[in-house]
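Residue numbers (the working numbering): 18 to 164.
Structure, as structure tokens:
Shown next, in the form of structure tokens:
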């Protein structure tokens, strides 16, 4: 059974899908286009587009560790899971996908997250937090291509 994402954020990016995908495709490039993410690195021995690559980065006062689960240059998407503490989230799987808008030669960037919430967790708070994180990244990406 397919699960509906708990969070879905999308943004029209004023550039072609290949150009936008080129900016986001490497799993460790997120610190180049997301305003709150710093110092993103990939564990030694892995390519930033290799399934199983693990990225570490700083977001505010947190260190986050995520594993690349799927990556497709043909379909322009990647999926990743969260390792270690994820707040109230468990079984977390997120996807960033870039699709062409052929009529205008723009792109639709969609960022989704599927997860369960621990007992006594705050599902609304988790959804609100992820919506802000995803929106912040996609809005900055849009602005970078608007310049």
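All C-beta atoms, glycine included, are put in the ideal place defined by N, C-alpha and C.
Would you grab the beta carbon distance between residue 111 and residue 30 for me? Rounded to a whole angstrom, and I think it's under 8 Å. That pair is no contact at about 18 Å.
Residue 25 to residue 62, Cα distance in whole Å? 32 Å
Who are the near neighbours of residue 71 in its chain, counting only those whose CB is closer than 8 Å to its CB and skipping five residues on each side? 59, 60, 63, 82, 83, 84, 85 and 100
Residues in the same chain with beta-carbon distance under 7 Å from residue 48, minus the five sequence neighbours each way, listed in chain order, please. 54, 55, 56, 57 and 74
Name the one or two DSSP bridge partners that residue 148 has. DSSP, once it has assigned bridges, lists no residue as partnering residue 148.
So what does DSSP say about residue 41, is it helix, strand or coil? helix
In the DSSP assignment, find the alpha helix (DSSP H) that holds residue 120 and state where it starts and stops. Premise fails: residue 120 is in no alpha helix (DSSP H) and is neither H nor E.
Residue 67 - DSSP class collapsed to helix/strand/coil: coil
In terms of residue numbering, what span does the beta strand (DSSP E) encompassing residue 55 cover? 54 to 59
Mind reading off the beta-carbon distance from residue 144 to residue 23? Whole number of angstroms is fine, and I expect it under 8 Å. 6 Å
What does the alpha-carbon distance come out to for the pair residue 18 and residue 132? Any reading at residue 18 must be qualified, since the residue scores a pLDDT of 41, below 50, and its modelled position is unreliable; the value itself is stated next. Taking the straight line joining both Cα atoms gives about 14 Å.
Taking its Cβ as the centre, do 16 or more other Cβ atoms sit within 10 Å of residue 142, making it buried, or is it exposed? exposed
Who pairs with residue 161 in a beta bridge, going by DSSP? None, per the DSSP bridge assignment.
Taking 9 Å as the threshold (C-beta atoms), are residue 38 and residue 108 in contact? no
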